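To start, the structure under review is shown below, and the notes come after it.
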Amino acid sequence: MEKIECDIPGKIALIEDLPAPSPILERLISILPDDDNASADLDEVISIDPGVSAQVLRVANSAYFGFSGRISTISKAILLLGPREVWSIAVGVAFKQQFSGIFTSPAFDLEKFWRHSFFTGIIEGFMAKEMNVSEVKGDEAMIMGLLHDLGHLILASHFSEEYEQIETHRREHGLTLIEAERDKGLLHTEVGEVLCKCWKLPKAIQAAVSEHHYHEISTDEDPSIHGVLTGISNLVAKSLEDDGELSLDSEPLSQALMGYEWARPLVEKVQEGEESIRQHVDEIMRLIHGG
Ligand SMILES: [Fe+2]
Ligand SMILES: [Fe+2]
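In the working numbering, the protein residues as written are 2 to 292.
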């Protein structure tokens, strides 16, 4: 198998237009929603950006939160929804805005990418809340799911030639994308990890990005709890977004759950709330797209 010769860290360092996090995304990521000053900081950072503010208000006023039309300012959104919820909505909006208008390989379906990212983020946030352990916070988990395939976006936009070679190999041999990437020696998990480091994202997010295919790519070390939760959320999202039946016994989900039995009741909870999660993602996508 011919591997793609590509020094990703070297090449990334040479890309002049490598996306730096937008100022608002950078500031949002640095805010810890549990801090005493979080509400004031969030209000200040979001309110300064009219585009992000408007979209956060649209989501805050959506049917899902039940405040239809009553939230007119970011400070009111923070008061009614709480800083954690507003923080994760704003990061989602700012992340999508950062890459709007990006040129990607024609083989890459950008719409599908966003839908999958939001599905994974919302499912992961939901599972983390059910999990209720101190190492994983619901809002941070939402961000982990949202950003987990960042490497795909970078491959499809900044390495489009290599991305097309992988895609052709995948099609010709009937492989999954991760199998094709592995054959070619260029993994989106590694590309994403490099960008996370450039962006100085928190360790939990780096782990989510680099380890979420832990059940398909063997490494010397066990995945972290963040990698496992993101990997399982990724598979659950794939099943839900295709309107498929979420079955815990089907591959590859059953393989991902092997050794991580603590995650099984979380997936069962998603099964129970399946319909409302689907509606929530559809609504968020519609609101953030501005439709
Ligand atoms: Fe992935
Ligand atoms: Fe994914």
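Heads up, the beta-carbon is just placed ideally off N, CA and C, and yes, glycines get one too.
All values derive from a computational prediction rather than experimental measurement.
Please confirm whether any heavy atom of ligand 1 lies closer than 7 angstroms to the CB of residue 149. Indeed, a heavy atom of ligand 1 lies less than 7 angstroms from the Cβ.
I believe residue 192 touches residue 152 by the beta-carbon criterion, under 8 angstroms. Please report the beta-carbon distance rounded to the nearest angstrom. 4 angstroms
Three-state secondary structure (DSSP) of residue 133: coil
Proximity test, residue 213 beta-carbon vs ligand 1 heavy atom, cut-off 7 angstroms: yes
Does ligand 1 have a heavy atom nearer than 7 angstroms to the CB of residue 235? yes
What distance in whole Å lies between the Cβ atoms of residue 137 and residue 202, which are believed to be in contact at a cut-off of 8 angstroms? Not really, about 16 angstroms apart at Cβ, beyond 8 angstroms.
Could you tell me the alpha carbon to alpha carbon distance between residue 184 and residue 38, rounded to whole angstroms? Taking the CA atoms as reference points, residue 184 sits about 48 angstroms from residue 38.
Does the beta-carbon of residue 174 have 16 or more other beta-carbons within 10 angstroms, so that it is buried, or is it exposed? exposed
For residue 25, would you say it is in contact with chain C, using Cβ-to-Cβ distances shorter than 8 angstroms as the test? Although the question refers to chain C, the structure presented lacks it and comprises just one protein chain.
Distance check for residue 124 and residue 80, CA to CA, integer angstroms please. Going by the C-alpha atoms only, they are around 24 angstroms apart.
Report all residues from its chain with a CB closer than 7 angstroms to the CB of residue 131; omit the five preceding and five following residues, and keep chain order. 267, 270
Counting along the chain, where does the alpha helix (DSSP H) carrying residue 214 start and finish? It is not in any alpha helix (DSSP H) - residue 214 carries neither H nor E in the DSSP assignment.
Run through DSSP, which three-state label would residue 193 get? helix
Checking 8 angstroms against the spacing of the C-beta atoms, do residue 247 and residue 241 come in under that value? yes
Assign residue 149 to one of three DSSP states: helix, strand, or coil. coil
Assuming the contact rule is C-beta atoms closer than 8 angstroms, residue 56 and residue 92 should be a hit. Round their C-beta distance to whole Å, please. Actually they are not in contact, since the Cβ atoms of residue 56 and residue 92 sit about 12 angstroms apart, beyond 8 angstroms.
With a threshold of 6 angstroms on Cβ separation, who are the neighbours of residue 223 within its own chain once the five nearest residues in sequence on each side are excluded? none
Element boundaries [alpha helix (DSSP H), containing residue 164]: 161 to 174
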